[in-house]
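Let me begin by presenting the structure, written as structure tokens, before commenting on it.
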Amino acid sequence: MNKKATTAIVAGAITTALAMSPIGVASAGDSEKCFGVAKAGKNDCKAGPGTSCAGTSTTDAQGNAWMLVLKGTCEKIVGGSLAEK
Amino acid sequence: MSLADLQRSFCDALRSPNAPPDALLDELLEDGLALQRFNVYRNNFIVLNGDALAEMYPVIKRLIGDSAFRILATAYVREYPPMERALLVYGKDFPNFLASIPELSELHYLQDVARLEYAWTVAYHAEDVDRLEEHQITELPAEKFELLRLRPHPSMCLLHSEYPVYRIWEANQSEDPEEVISLDDGPSHVVIIRPGTRVETREASIGAFTLFQRLGSGETIGDAYNAAIQIEPAFNLELFFSQHLFDGTFCSL
């Protein structure tokens with residue numbers, strides 16, 4: 152594309168964007184972000200339930216056998232599908 | 075045993091599925107319960123770090139199911155234990171780890187879905203920046219617009235996949251995904267960004283994707299636009315800027 156056309160297209164596109172931009176309306180950038188707010192259930196101290204033996208009673212993580220039981224929603228995705236049918 | 079040796083031995087035993095060596099147990103409190111205490115500690119180490127991984131990768135967990143995810147998480151925690159005190163972004167290597175598992179070798183799209191999930195959380199924790207403001211542009215003459223270098227928000231991650239990973243991710247955000255997705259519906263160009271306080275996951279055209287790539291590497295708007303229309307001749311810059319020039323996608327000049 153020639154230089155002049157690019158100049159005109161970019162100038163036109165930005166001018167349109169400026170014209171369409173609502174002035175004085177609060178944008179997403181105006182909302183406050185609280186410091187220290189973590190994603191739900193995802194603070195960096197994982198020791199909460201772990202200070203008791205919660206993990207021990209619910210899950211046996213010692214097992215290391217490679218028995219992959221794929222029981223999720225993968226079958227809703229066709230074309231790749233599960234290894235075994 | 076020196077302190078360094080003790081720490082190394084303890085860490086090695088944490089990551090192993092086998093019984094800890096006697097030399098390590100001898101160093102622990104001798105009340106007849108050393109082995110049980112160690113096993114409780116190790117189990118919590120594996121399970122709780124696995125829980126953190128599950129929160130990072132909820133879609134992967136849904137796709138492969140809870141029990142398969144737990145097995146993989148256990149193996150991952152052993153191979154890639156947390157290296158930082160905070161678990162906020164634990165699981166960086168999980169996409170590559172998934173790709174290395176022979177049993178998952180036919181589920182090629184999993185690692186790209188995992189990359190999307192990781193990028194989402196990294197974007198969530200990315201730094202805040204001031205957005206590009208209208209007055210910063212109106213001060214400039216229009217014929218100079220093409221020479222501007224726009225900086226995308228630092229949270230932005232561009233993800234290209236051969237598979238329709240955006241649709242797979244999107245369908246799994248609801249409780250009961252009914253949608254059947256064909257892998258032939260790919261490829262997918264995904265933009266993950268947090269312009270304000272909310273992370274946005276957007277499916278982009280290849281032209282918009284290219285524009286972001288070029289702007290992100292420091293090119294001028296004019297050069298980036300020319301690259302975009304070469305790859306997607308119908309790419310509409312006017313529409314793109316009307317949506318994204320001032321919505322926080324780009325940083326203050």
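Which chain is which? The protein sequence lines are A and B, in order.
In the numbering used here, each residue carries its 1-based index in the first sequence increased by 151.
In the numbering used here, each residue carries its 1-based index in the second sequence increased by 74.
Even for Gly, the Cβ is constructed at its ideal location relative to N, Cα and C.
Only a predicted model underlies this, so the values are computations on that prediction, with no experimental measurement involved.
Listed by chain order, chain A residues near B:T212 by CB distance under 7 angstroms: Chain A residues near B:T212: L169.
Give the DSSP-derived three-state secondary structure of B:F320 in the structure shown. Coil, per DSSP.
Pick from B:L257, B:L190, B:S291 and B:F219: whose alpha carbon is nearest that of A:A168? Closest by alpha carbon: B:F219.
Between which residues of its own chain and B:R152 is the CB-CB distance below 6 angstroms, once the five residues before and five after are set aside? Closer than 6 angstroms at the Cβ level, and outside the excluded window around B:R152, lie R89.
Going by alpha carbons, who is nearest to B:T275 out of B:Y198, B:R159, B:M157 and B:L122? For B:T275, the nearest C-alpha among the options comes from B:Y198.
Hey, B:L190 and B:V264: beta-carbon distance below 8 angstroms or not? Yes; because the gap between Cβ atoms is below 8 angstroms, this pair is in contact.
Touch check for the segment 121-140 of chain B and the segment 88-105 of chain B: three-plus C-beta pairs under 8 angstroms? No, they do not touch.
Of the residues B:E201, B:L162, B:T195 and B:I255, the one placed nearest A:G230, counting alpha carbons only: Considering only alpha carbons, the answer is B:I255.
By the 10 Å Cβ neighbour count, where 16 or more other Cβ atoms means buried, how is A:K155 classified, buried or exposed? With fewer than 16 other Cβ atoms within 10 Å, it is exposed.
Starting from B:R136, follow the alpha helix (DSSP H) in both directions and report where the run begins and ends. Run containing B:R136: P132 to I138, per the alpha helix (DSSP H) assignment.
Is it true that the CB of B:L178 sits closer than 8 angstroms to the CB of B:T294? Contact annotation: B:T294 and B:L178 have beta-carbon atoms that are not nearer than 8 angstroms.
Using alpha carbons as the reference points, say which of B:S262, B:A216 and B:E236 lies closest to B:G296. When only C-alpha atoms are compared, the closest one is B:A216.
Can you name the residues of chain A whose CB is closer than 7 angstroms to the CB of B:R136? Residues of chain A passing the Cβ test: G223 and T224.
Proximity below 8 angstroms, CB of B:N300 to CB of A:T158: No, the Cβ-Cβ distance between B:N300 and A:T158 is not below 8 angstroms.
Measuring CA to CA, which of B:Y131, B:F324, B:L77 and B:S316 is closest to B:W194? Nearest option by C-alpha distance: B:Y131.
With a threshold of 16 other CB atoms inside 10 Å of the CB of B:R272, please say whether the residue is buried or exposed. With fewer than 16 other beta carbons inside 10 angstroms of its own, B:R272 counts as exposed.
Buried or exposed: which applies to B:I305, given that a residue is buried once 16 or more other Cβ atoms fall within 10 Å of its Cβ? Exposed, because fewer than 16 other Cβ atoms sit within 10 Å of the Cβ of B:I305.
Among the candidates B:D250, B:E277 and B:R268, whose CA atom is the shortest distance from the CA of B:G260? That would be B:E277, whose Cα lies nearest to the Cα of B:G260.
Please identify the residue among B:I134, B:G124, B:K135 and B:D86 whose C-alpha is closest to the C-alpha of B:F112. Among B:I134, B:G124, B:K135 and B:D86, the Cα nearest to that of B:F112 belongs to B:D86.
Using 8 angstroms as the Cβ pair cut-off and three pairs as the minimum, do the segment 155-171 of chain B and the segment 120-129 of chain B touch? Segments in contact, yes.
Would you tell me roughly how many angstroms separate the C-alpha atoms of A:I160 and B:S229, rounded to the nearest one? Straight-line measurement puts the Cα of B:S229 at about 28 angstroms from the Cα of A:I160.
Could you name each continuous beta strand (DSSP E) segment of 3 residues or more that falls completely within the segment 174-252 of chain B, going from the start of the chain to the end? Annotation: the segment 174-252 of chain B contains the following complete segments of the beta strand (DSSP E) (minimum length 3 residues), in chain order: 231-235.
Just to confirm the assignment, what range does the beta strand (DSSP E) spanning B:V264 have? First-last of the beta strand (DSSP E) with B:V264: S262 to I267.
Cβ-based burial, B:A298 [other Cβ within 10 Å; buried from 16]: Buried is the call here.
Helix, strand or coil for B:R288? Go by DSSP, reduced to three states. Looking at B:R288 - three-state DSSP - the assignment turns out to be helix.
Is DSSP giving B:S141 helix, strand or coil here? In the structure shown, B:S141 sits in a helix (DSSP, three-state: H, G or I).
Going by the DSSP bridge assignment, what does B:T275 pair with across the sheet? B:I266.
Using C-beta distances below 8 angstroms, list every residue in its chain close to B:A302, excluding the 5 sequence neighbours before and after it, in chain order. Same-chain partners within the cutoff: G281, A282, T284, L285, R288, F309 and L311.
Taking the alpha carbon of B:E213 as the point to measure from, which residue in B:F84, B:L327 and B:S174 has its own alpha carbon closest? Looking at B:F84, B:L327 and B:S174, the one whose alpha-carbon comes closest to that of B:E213 is B:L327.
Which value, in whole angstroms, describes the spacing of the CA atoms of A:C196 and B:C325? The predicted position of A:C196 is uncertain, since its pLDDT is 41 and thus under 50; a value taken from the coordinates is nonetheless stated next. Distance between the alpha carbons of A:C196 and B:C325 is about 32 angstroms.
Just to make sure I have the definition right: I need the residues of chain A whose C-beta is within less than 8 angstroms of the C-beta of B:F315. Which are they? Those within 8 angstroms of B:F315 in chain A are A164, I165, T167 and A168.
Closer than 7 angstroms by beta-carbon distance: list the chain A residues that pair up with B:I255, in chain order. Per Cβ cutoff of 7 angstroms: K227 and I228.
Extent of the continuous alpha helix (DSSP H) to which A:T167 belongs: Counted as a single uninterrupted DSSP element, the alpha helix (DSSP H) harbouring A:T167 occupies residues K154 to M171.
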